Structure formats: C-alpha cells, structure tokens
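Read through the structure below, which is laid out as structure tokens, and then see the notes.
In full-length UniProt numbering, the protein residues as written are 1 to 64.
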C-alpha cells in the first residue's frame, strides 16, 4: 500500500505527463487517463498501464 506522500508524488507525475502530452497537441484517450489515475492511487503499477496501452494500440489499424 502506498503512503499519502507516494500517492501525491504519483499524482504530480501523472499530471505533468498529461500536461506535456496536451502541450504537444495530443489528447490521451479516456482509458489511458483512467489507467494513469489508477496508477497514481496505487491500484495499478506503471508496467500494467504500459501493457494495457500497448494492447489497445496493437488493435488499432493505421490507414494512409
């Protein structure tokens, strides 16, 4: 279980990562935002977030 300090630190990092993406013109999808919030609260590990993102993007077809 994470301490309150660890949760706050994770929330800070998640907020910064999302802000950075938005500055680049990229809006994270709802599932990614939910997964990142679950990471911040300690419900998921970062490896879980990355795995779930890779699984979702693997199913996306790119059309030229």
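For each residue, glycine too, the CB sits at the ideal point set by N, CA and C.
All of these numbers come straight from a predicted model, not from anything done at the bench.
Legend entry - residue 55, enclosing alpha helix (DSSP H) - first and last residue: 46-58
Legend entry - Beta-carbon proximity list for residue 7, same chain, < 7 Å, skipping 5 on both sides: 40, 41, 42
Inset, instruction - Would you mind stating whether residue 36 and residue 60 have Cβ atoms separated by less than 8 Å? - result: no
Legend entry - Where residue 2 falls: helix, strand or coil (DSSP): coil
Inset, instruction - List the endpoints of the continuous alpha helix (DSSP H) containing residue 30. - result: 30-41
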